[in-house]
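Chemist: For the record, the sequence lines run as chains X and V. Mind the numbering: the first sequence is residues 1 to 179 in this note's numbering, read in order. Mind the numbering: the second sequence is residues 1 to 161 in this note's numbering, read in order.
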Amino acid sequence: MPLFLKKNWVYILLIIVIILLGYLAYAQSGWSLVQEGFLKGFSILWHELPLLTAAFLTAGFLQALVKKEFITRWLGKDSGVKGILLACLGGGLIPGGPYAYYPIANALLKSGAGLGVLIAFVTAKNLWSVSRIPLEIAILGTTITVRRYLITFLIPPVLGIITEKIFGKFIKSILENVE
Amino acid sequence: MNTATIILWIIALVMFLFSWKDSPDTVKRGGLLSFQTTKQNGLLIVLAFVIVGFVNVLSPQKLVQEWIGPASGLQGILLAEVVGMLLPGGPYVVFPLIAILSEAGAGIAPVITLITSWSTQSLLTLSFELPLMGWRFMLIRWVLGLGIPLLAGAAVLLLWG
Numbered sequence: 001m002p003l004f005l006k007k008n009w010v011y012i013l014l015i016i017v018i019i020l021l022g023y024l025a026y027a028q029s030g031w032s033l034v035q036e037g038f039l040k041g042f043s044i045l046w047h048e049l050p051l052l053t054a055a056f057l058t059a060g061f062l063q064a065l066v067k068k069e070f071i072t073r074w075l076g077k078d079s080g081v082k083g084i085l086l087a088c089l090g091g092g093l094i095p096g097g098p099y100a101y102y103p104i105a106n107a108l109l110k111s112g113a114g115l116g117v118l119i120a121f122v123t124a125k126n127l128w129s130v131s132r133i134p135l136e137i138a139i140l141g142t143t144i145t146v147r148r149y150l151i152t153f154l155i156p157p158v159l160g161i162i163t164e165k166i167f168g169k170f171i172k173s174i175l176e177n178v179e
Numbered sequence: 001m002n003t004a005t006i007i008l009w010i011i012a013l014v015m016f017l018f019s020w021k022d023s024p025d026t027v028k029r030g031g032l033l034s035f036q037t038t039k040q041n042g043l044l045i046v047l048a049f050v051i052v053g054f055v056n057v058l059s060p061q062k063l064v065q066e067w068i069g070p071a072s073g074l075q076g077i078l079l080a081e082v083v084g085m086l087l088p089g090g091p092y093v094v095f096p097l098i099a100i101l102s103e104a105g106a107g108i109a110p111v112i113t114l115i116t117s118w119s120t121q122s123l124l125t126l127s128f129e130l131p132l133m134g135w136r137f138m139l140i141r142w143v144l145g146l147g148i149p150l151l152a153g154a155a156v157l158l159l160w161g
């Protein structure tokens, strides 16, 4: 049993979250809302399937194509500020939600990218996201959008550099988590 | 089919063409690696989408709207950080809601904290990050990120009141 738990705790955790949310839905308006929750989830999944497929194909071919030495040199733990800036650029340009960029980050991790680089990639995706700018300007206006970009512009590279300095040595055990 | 999907398919296609040019073996390995990653994470991603579905039908948006109201100053920033973590969905869902809050009188500092917190601290995103990046990465990124929306809000307060 402990081994089963150890091997499957991510599944168990997600299922517990589903049960809790399901209970909230049930308490709010009975079984119909529980059913609606499942249906909504599957319908979003169905809708995002083309994006998911593209993301997993990109992740797979990226791993097959890019030689480990190349990743180690450009994005590995010793790639320094150059690697972190490169990761920021990639993160800022890549479109799609978490189910698109995490498979790609997963591929980079498996191919030998450093922790600071991966943090910079994810944070730049979250804060620089170029594909989000038109929508942000259209809905929230130029003032809010410009000020937000100015204020958060330095965060992805700085966070990447700091994380690499403090936690960079944990990259091996982080890699073990996903293998 | 949206722009993100089209761009990502173009990237996937370019990757495939480069693999094809490289060698038949690279193509085979690429396909195999894609399949393995999908097999390894497929069920977890389905579970993550069920979570997304439930959060959607429970629509915490209404709650958020009542909750944050026109709160301002440092208190508004703190509240905005917490609310940002709970906001579900992509920019199409979240930005209109933030626009409503902004029009209802939320100051620019809490609004920017809110956007930043939703961007970097979203709890719903963690259900994809945990399976694909592992708990160590998730923990380091999320905990280090906690201060960012607050700093952003405080900077906005200082610069633009």
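Cβ coordinates follow ideal geometry from the N, Cα and C atoms, glycine included.
Is I77 of chain V near T113 of chain V, with beta carbons less than 7 Å apart?
Modeler: yes
Chemist: Does the distance from the C-beta atom of N106 of chain X to that of G134 of chain V stay below 7 Å?
Modeler: no
Chemist: Considering only C-alpha positions, which residue in the set V:P110, V:L86 and V:K39 is nearest to G52 of chain X?
Modeler: Correcting the residue type first, residue 52 of chain X is Leu in the shown sequence and not Gly. Closest by alpha carbon: V:K39.
Chemist: Quick check: the stretch 98–116 of chain X against the stretch 60–78 of chain X, are at least 3 beta-carbon pairs closer than 8 Å?
Modeler: yes
Chemist: Assuming F54 of chain V contacts Y99 of chain X under a Cβ cut-off of 8 Å, what Cβ separation, rounded to an integer in Å, is found between them?
Modeler: In fact, because the Cβ distance is near 16 Å, the residues do not count as touching under 8 Å.
Chemist: Between the stretch 56–67 of chain X and chain V, which residues of the former have CB atoms less than 8 Å from a CB of the latter, in chain order?
Modeler: Answer in chain order: F56, L57, T58, A59, G60, F61, L62, Q63, A64 and L65.
Chemist: Flag this pair as yes or no: are the beta carbons of L127 of chain X and T145 of chain X separated by less than 7 Å?
Modeler: no
Chemist: Evaluate K165 of chain X with the Cβ neighbour count: other Cβ atoms within 10 Å of its Cβ, from every protein chain shown; 16 or more gives buried, anything less gives exposed.
Modeler: With a threshold of 16 other beta carbon atoms within 10 Å, K165 of chain X falls short and is exposed.
Chemist: Write down every uninterrupted run of the beta strand (DSSP E) in the stretch 49–73 of chain X whose length is 3 residues or greater and which is fully enclosed by it, in chain order.
Modeler: none
Chemist: Are the C-beta atoms of I100 of chain V and some chain X residue less than 7 Å apart?
Modeler: no
Chemist: Note down, in chain order, all residues in the stretch 82–116 of chain V with a beta-carbon under 8 Å from any beta-carbon belonging to chain X.
Modeler: G90, P91, Y92, F95, P96, I98, A99, S102, I108, V111, I112, I115 and T116
Chemist: First and last residue of the alpha helix (DSSP H) that includes G97 of chain X?
Modeler: No alpha helix (DSSP H) contains G97 of chain X, which DSSP labels as neither H nor E.
Chemist: Using 10 angstroms around the beta-carbon of Y101 of chain X, count the other beta-carbons present and answer buried if the total reaches 16, otherwise exposed.
Modeler: buried
Chemist: Give me the Cα-Cα distance between R148 of chain X and G41 of chain X, rounded to the nearest whole angstrom.
Modeler: Roughly 31 Å separates the two Cα atoms.
Chemist: For W74 of chain X, which residues of its own chain have a beta-carbon under 7 Å away from its beta-carbon, when the five flanking residues on both sides are left out?
Modeler: G83 and L86
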